[in-house]
Amino acid sequence: MINMLSDTQTLPTEQMIEAITKVQLGDDVYSLDPSTKELERLAAEKMGKESAMFVPSGTMGNLCAIMAHTDRGDEVILEADSHIYYYETGGFALAGLSPRLVIGNKGVLDPDAVERTLREPNIHYPKTSLLCIENTHNRAGGTITSPERTRELCDLAHEKGLKVHIDGARIFNAAVALGVNVTDLVGPADSVMFCLSKGLSCPVGSVLAGSKEFIDKARRVRKLLGGGMRQVGVLSAAGIVALETMIERLSEDHRNARVLAEGLSKLPGISIDMTTVQTNIVQFDVSQLGISAREFAALLKAQGLLVSTRPPTRIRMVTNRHIESSHVADALQIVTQVINELN
Ligand SMILES: *Cc1c(COP(=O)(O)O)cnc(C)c1O
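Position in the sequence shown (first residue = 1) + 247 = the numbering used here.
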């Protein structure tokens, strides 16, 4: 099987397994787990923030962030197709927040559009206290919000009294693709969450970073949500290896994604917007083939290629550490064969 479901499919590296077996452990709820402290220090340093906190998932990291930044009843501005809105089981509702959606351009928010949604304080309106940016943007196909755009959005938000959280599940993909330091992408924001468990290949975990005051607050929320963990060093040990060894190689995933997308763009019946192919995600539409995404994915699976669906008619393929250029060639062959058999 060629598994292009997601970059979450990546398995830990040998170096990670070795680090896990050798790690010194303590109870992290008592702040006694040395490798978790080290991971959090390293992550804060990489993000250029004062403090950081390990969380079991990106979803919990985002929820900790939005709960720490807001009060119940507040309004939070989200991109209409954002992961927080779309895929996190409506956690903002659990936090008592009302979402205000702004449609981005291929996942990228326009400061003018955000400004138009902001209302003058008035007794009829909820208080708008948070803006979320997703970088890279998952449902838009791994698209990047640039450092300049991030700065503009953060300046606007701060001028209006809002905090800014970056859902940076794949922020290192954005930084590597642009050839910039990740601090250029997260510096102007108040907080950032990034995933260790995606392209960086850890078995479990994400990190939330921000000011010391913010992280202290977020730690209480994490405990509330059941995310205070004991000898979590078994996970943090892999996270340290990820931050030390797995970032630069993401460019290989981007190269493979580009070759895959270029191959797909030449196939009949497939419609693909090449401008969205910026990192490790490739999305395309199969409606011209007169078939649904689910049916198409089932035909690919029968030939040994696993992909995700974006119903009704879009397919998503994600490159990762286990996908080599020969797999890309094989995947293209399988897609070609399935299309030929449809005609
Ligand atoms: C994967 C992802 C998350 C959440 O990560 P989990 O660890 O699966 O909860 C958040 N935001 C984006 C953009 C993602 O792609």
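C-beta atoms are modelled at their ideal positions from N, C-alpha and C, and glycine is treated no differently.
- The beta carbon of LYS445 sits closer than 8 Å to at least one heavy atom of ligand 1.
- Rounded to the nearest angstrom, the gap between the Cα atoms of LEU471 and LEU514 is 50 Å.
- Distances taken from the Cβ of MET294 to the heavy atoms of ligand 1 include none shorter than 8 Å.
- Note: GLU588 is not bridge-paired with any residue in the DSSP secondary-structure output.
- For PRO346, the closest C-alpha among the options GLY354, ASP359, VAL270 and LYS374 is that of LYS374.
- Under the criterion of beta carbons closer than 8 Å, ILE380 and VAL423 do not qualify as touching, at roughly 18 Å.
- Secondary structure at SER512: helix, using DSSP grouped into helix, strand and coil.
- The Cβ atoms of ILE313 and ALA266 do not sit closer than 9 Å to each other.
- One alpha carbon belongs to TYR277, the other to GLY308, and they sit about 20 Å apart.
- The C-beta distance from ALA456 to ALA290 rounds to 6 Å, short enough to meet the 8 Å contact threshold.
- Annotation: SER444 is outside any alpha helix (DSSP H) and is labelled neither H nor E by DSSP.
- Secondary structure at GLN256: helix, using DSSP grouped into helix, strand and coil.
- ASP275 is classed as buried because its beta carbon has at least 16 other beta carbons within 10 Å across all chains shown.
- Runs of the alpha helix (DSSP H) lying entirely within the region 350–383 and spanning at least 4 residues, in chain order: 358–364.
- THR383 and SER483 have their alpha carbons spaced roughly 24 Å apart.
- Annotation for SER304 indicates a beta carbon within 8 Å of some heavy atom of ligand 1.
- Distances taken from the Cβ of MET307 to the heavy atoms of ligand 1 include one shorter than 8 Å.
- Ranked by Cα distance from ASN250, the first of LYS284, THR560 and GLN550 is GLN550.
- Under the criterion of beta carbons closer than 8 Å, GLY305 and CYS442 qualify as touching, at roughly 5 Å.
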